[in-house]
Amino acid sequence: MAKLPHHPGKTYWPSRIVTWLGQNFMRLFFKIKVEGHGNFPESGPLLILAKHQRLEDIPLGLGAVCTAMKRRDQWCVMKHSLADPKYFGFFLKCGGIPIDRRDPQKSKGFLLLARHKLHEGNTVVIFPEQTFFPSKMGKGKVPGFRFVAGRPDSPIQVGCIGFTYKKGIIRTEVTMRLGKTTTPYTKHDDAEHFLHDRMLEIAELSSLHYPHPRPEGRKAGADMEEEEN
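Residue numbers (the numbering used here): 5 to 233.
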């Protein structure tokens with residue numbers, strides 16, 4: 005199994021700055037509405053699957069989650085380019101976990117770190133489309149979800165966030181909808197079917213259509229051991 009890589013850890017001030025941007029500064033440009041307060045648990049492992057419409061999703065979503073929940077343990081899978089030295093580790097210290105989407109094998113250790121943080125009882129955020137799909141739904145990528153979720157000894161709560169943007173006269177109206185965590189993920193679930201159902205939920209929360217067919221699927225974890233070794 006790959007070893008956990010070095011990470012500076014999530015620290016207070018970088019995390020607080022990004023949260024403040026999402027909760028306060030971005031109100032200069034966006035009329036913000038959050039629906040679903042109380043739908044996410046305030047303790048225990050929580051895997052959040054979020055729609056990715058645009059770059060602003062990140063501070064806006066973090067601000068929404070921190071407003072709706074009294075917990076500051078959010079970590080987020082991010083593009084590896086944000087870990088470039090020119091950023092002086094800022095995004096890493098916000099709780100960012102860098103993943104190279106073009107060569108996931110290079111990121112196996114960081115994927116394990118994301119799983120480790122999740123199973124420790126933290127919140128981990130994934131954008132399952134892995135890149136921007138403005139005003140439409142991209143296909144949910146199963147490998148990243150399956151690897152981070154792993155085969156948990158206890159069920160993991162999974163929450164979805166949808167984003168809708170509407171151009172206003174002065175400010176853009178953004179609505180963030182937090183779905184109910186009614187279907188936990190277990191080691192017995194089929195990862196492909198589970199993620200497909202969550203993508204349908206994300207689409208509904210974002211007032212969009214998910215055009216991708218339901219996969220035939222295979223047993224959850226069937227190839228997990230091969231990926232970990």
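For glycine and all other residues, C-beta sits at the position ideal for the given N, C-alpha and C.
Go ahead and label GLY65 buried or exposed: buried means 16 or more other beta carbons lie within 10 angstroms of its beta carbon, across all protein chains shown.
To locate residue 65, count along the sequence shown from 1; it is residue 61. Buried is the call here.
With which residues is ARG181 paired in a DSSP beta bridge?
As a first step, residue 181 is located in the sequence shown; it is residue number 177 there, counting from the start. When DSSP reads this structure, ARG181 sits in a beta bridge with GLU39, GLY166.
Tell me whether the beta-carbon of THR179 lies closer than 7 Å to the beta-carbon of THR168.
Residue 179 sits at position 175 when you count from the first residue of the sequence shown. Residue 168 sits at position 164 when you count from the first residue of the sequence shown. It is a contact, given that the beta carbons lie within the stated cut-off.
For LEU204, which of helix, strand or coil comes out of DSSP?
As a working note, residue 204 is residue 200 in the sequence shown. Secondary structure at LEU204: helix, using DSSP grouped into helix, strand and coil.
Starting from GLN109, follow the alpha helix (DSSP H) in both directions and report where the run begins and ends.
In the sequence shown, residue 109 corresponds to position 105, counting from 1. Here GLN109 belongs to no alpha helix (DSSP H), and DSSP marks it neither H nor E.
DSSP puts GLN57 in a beta bridge; with which residues?
The residue given as residue 57 occupies position 53 in the sequence shown. For GLN57, which the question treats as bridged, DSSP gives no partner whatsoever.
Throw me the rounded Cβ distance for the CYS270 and LYS14 pair, which I believe falls under 8 Å.
Absent from the structure is residue 270, since the part of the chain shown begins at 5 and ends at 233.
Is the beta carbon of ILE103 sitting closer than 7 Å to the one on PHE114?
By 1-based counting over the sequence shown, the position of residue 103 is 99. By 1-based counting over the sequence shown, the position of residue 114 is 110. Judged by beta-carbon spacing, PHE114 lies within the 7 Å limit of ILE103, meaning their Cβ atoms are closer than that value.
Residues that PRO102 bridges to, as DSSP identifies them
The residue you call residue 102 lines up with position 98 of the sequence shown. For PRO102, which the question treats as bridged, DSSP gives the partners MET82.
Start and end residues, alpha helix (DSSP H) containing ILE130
Here the question's residue 130 lines up with position 126 in the sequence shown. Annotation for ILE130: no alpha helix (DSSP H) segment contains it, though the beta strand (DSSP E) segment containing it runs 127–130.
State the Cα-Cα distance for the pair GLU124 and PRO156, rounded to the nearest angstrom.
The count along the sequence shown starts at 1 and reaches residue 124 at position 120. The count along the sequence shown starts at 1 and reaches residue 156 at position 152. In this model, GLU124 and PRO156 are separated by some 11 Å (Cα to Cα).
With three or more beta-carbon pairs closer than 8 Å as the criterion, would you say the region 184–204 touches the region 74–93?
With the cut-off at 8 Å, the region 184–204 and the region 74–93 do not touch.
Keeping to the same chain, check which residues put their C-beta closer than 7 Å to that of CYS164; ignore five residues upstream and five downstream.
Residue 164 sits at position 160 when you count from the first residue of the sequence shown. Cβ within range, chain order: LEU53, GLY183, ARG202, GLU205, ILE206, LEU209.
SER47 to MET73 span [Cα, whole Å]
Sequence index remark: in the sequence shown, residue 47 carries index 43 (1-based). Sequence index remark: in the sequence shown, residue 73 carries index 69 (1-based). Between the C-alpha atoms of SER47 and MET73 there is a straight-line separation of about 9 Å.
Using a threshold of 7 Å, state whether the C-beta atoms of VAL129 and CYS80 are closer than that.
As a working mapping, residue 129 is identified with position 125 in the sequence shown. As a working mapping, residue 80 is identified with position 76 in the sequence shown. Their beta carbons are under 7 Å apart, which means VAL129 touches CYS80 by this criterion.
What three-state label does DSSP hand GLN27 in the structure shown?
Along the sequence shown, read from residue 1 onward, the residue named residue 27 stands at position 23. Reduced to three states, the DSSP call for GLN27 is helix.
Quick one: using the 10 Å Cβ neighbour count with 16 as the cut-off for buried, is PRO18 buried or exposed?
Walking along the sequence shown from the start, residue 18 turns up at place 14. Its Cβ being crowded by 16 or more others within 10 Å, PRO18 is buried.
Quick one: is TYR214 buried, meaning 16 or more other Cβ sit within 10 Å of its Cβ, or exposed?
Here residue 214 refers to the residue found at position 210 of the sequence shown. So TYR214 ends up on the buried side.
Report the three-state DSSP secondary structure of THR176 (helix, strand or coil).
The residue you call residue 176 lines up with position 172 of the sequence shown. DSSP places THR176 in strand when its eight states are reduced to three.
Cβ pair ARG105, VAL152 closer than 7 Å
Taking the first residue of the sequence shown as 1, we reach residue 105 at position 101. Taking the first residue of the sequence shown as 1, we reach residue 152 at position 148. Annotated as distal: ARG105 and VAL152, with beta-carbon spacing of 7 Å or more.
Hey, how far is the Cα of GLY154 from the Cα of THR135?
Here residue 154 is taken as the residue at index 150 of the sequence shown, counted from 1. Here residue 135 is taken as the residue at index 131 of the sequence shown, counted from 1. One alpha carbon belongs to GLY154, the other to THR135, and they sit about 22 Å apart.
Candidates PRO217, LEU59, PRO12, of which the one nearest GLY26 by Cα
As a working note, residue 26 is residue 22 in the sequence shown. The residue with the shortest Cα to Cα distance from GLY26 is LEU59.
Judging by CA-CA distance, which residue of GLY172, ALA68, GLN161 is the nearest neighbour of TYR189?
Here residue 189 refers to the residue found at position 185 of the sequence shown. When each option's Cα is compared against that of TYR189, the closest is GLN161.
What do you get for THR127, buried or exposed, if any count of 16 or more other CB atoms within 10 angstroms of its CB means buried?
Locating residue 127 in the sequence shown gives position 123, where the first residue counts as 1. Label assigned to THR127: buried.
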